[in-house]
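First up is the structure itself, then whatever we jot down about it.
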Amino acid sequence: MLTVEHLTYRYSRRGAPVLRGVDLTLESGEIGILLGCNGSGKTTLVKCFNGLHRPTSGDVIIKGKSTKNATVAEISQTVGYCFQNPDHQIFSSIVKDELCYGPRNLQWDDDEIEKTVAEISEMLDLTDILDENPYNLSKGQRQAIAVASILCTKPDVLIVDEPTTGQDPLQSRAMMDMMVKLNRELNKTIVVITHDMSIAAEYSDRIVVTH
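If you're matching positions, the sequence shown starts at 0 in numbering that gives the first Met the number 0 and goes up one per residue.
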């Protein structure tokens, strides 16, 4: 599904490399966990997966195709990315509008948008709050909304950055159980950044460590 070849990334031409010589492969249908200390380049790496950052050298290959000449919009149809803080991603004042935004931006027809939003809302238990303001809801609900808004564009790969940060153990498990559900029922390839070693041990098919 996703291959990284000899990837190096610098934030500026003369700056020290944040990532150097990264090689990894993620198979279709896997749940991959990305571990590493703060500042070790985890978020920088996954932003190279979806085109928000462009490798200084090396390559990111998705489904056999290099992303070098692809736009962020094109890559986002295959690789979806959820920010660590859902409030940095959510901007609509109505939950349903948030979920519809991506498909509308991709110019899907109205019937397909309605069907997709209904299916994803039901799967993530959001149907009863579609008319609510996201900022009146809990962080766990906002996180689910952020995930749902990405899923509504039907990417093959879902990247979730630190979904358990600030959550209690029950909320953390609920979030990861949702990742498993998406993996098994929708056949999504999942990448999760976390510092929680117990979560990594329990839920991962593959662990990648940055250092």
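Ideal Cβ positions, reconstructed from N, Cα and C, are used throughout, including at glycine. Remember, it's a predicted structure, so these values are computed and weren't measured experimentally.
Going by other Cβ atoms of all chains shown within 10 Å of its Cβ, with 16 needed for buried, is residue i buried or exposed?
i    : result
I206 : exposed
T163 : buried
G20  : exposed
Q211 : Since the first residue of the chain shown is 0 and the last is 210, residue 211 is not available in this structure.
E97  : buried
Q220 : Summary: the structure shown does not reach residue 220, with the chain confined to residues 0 through 210, and so no result is reported for it.
E161 : buried
Y10  : exposed
A143 : buried
If you reduce the DSSP assignment to three classes, tell me which class residue i lands in.
i    : result
C99  : helix
C47  : helix
I93  : coil
L136 : coil
Y8   : strand
L123 : coil
T164 : coil
D22  : strand
D108 : coil
L1   : strand
D86  : helix
T209 : strand
K64  : strand
S56  : strand
T188 : strand
L169 : helix
L33  : strand
V17  : coil
L181 : helix
S39  : coil
Measuring from the CB of residue i, is there a heavy atom of the ligand HEM at a distance below 8 Å?
i    : result
K180 : Annotation note on the ligand HEM: not contained in the displayed structure, which lists no ligands.
Apart from the five residues just before and just after residue i, which ones in its own chain have a Cβ nearer than 6 Å to its Cβ?
i    : result
E128 : Just to set this straight, residue 128 is Ile in the shown sequence, not Glu. Answer for I128: V94, listed in chain order.
D86  : none
L150 : I119
D204 : E29 and I30
K62  : none
T209 : G35, S39, G40 and K41
Nearest by alpha-carbon distance to residue i: which of the options is it?
i    : options                   : result
R12  : S56, G20 and E4           : S56
L123 : V146, D22, R103 and N186  : V146
Y241 : F90, T66, I32 and M196    : Examination of residue 241 is not possible in this model, given that the chain is present from 0 through 210 alone.
V78  : H210, E131, V159 and T193 : V159
R53  : G38, T43 and E184         : T43
G40  : L6, K64, I61 and M177     : L6
F48  : R183, L34 and S65         : S65
I32  : P168, L157 and N186       : L157
N84  : I74, T126 and R141        : R141
N132 : D110, D155, S92 and T126  : S92
Between which residues of its own chain and residue i is the CB-CB distance below 8 Å, once the five residues before and five after are set aside?
i    : result
G139 : Q166, Q170, A173 and M174
T70  : G50
K46  : H52 and Y80
T115 : P102, W107, C151 and K153
D195 : T163 and S171
E184 : M122
D110 : none
Could you please give me the residues that DSSP links to residue i through a beta bridge?
i    : result
C81  : V159
L150 : Per DSSP, none; premise fails for L150.
Which residues in the same chain have their Cβ closer than 7 Å to the Cβ of residue i, if we skip the five residues on either side of it in sequence?
i    : result
S27  : M0 and T188
I112 : C99, P102 and R103
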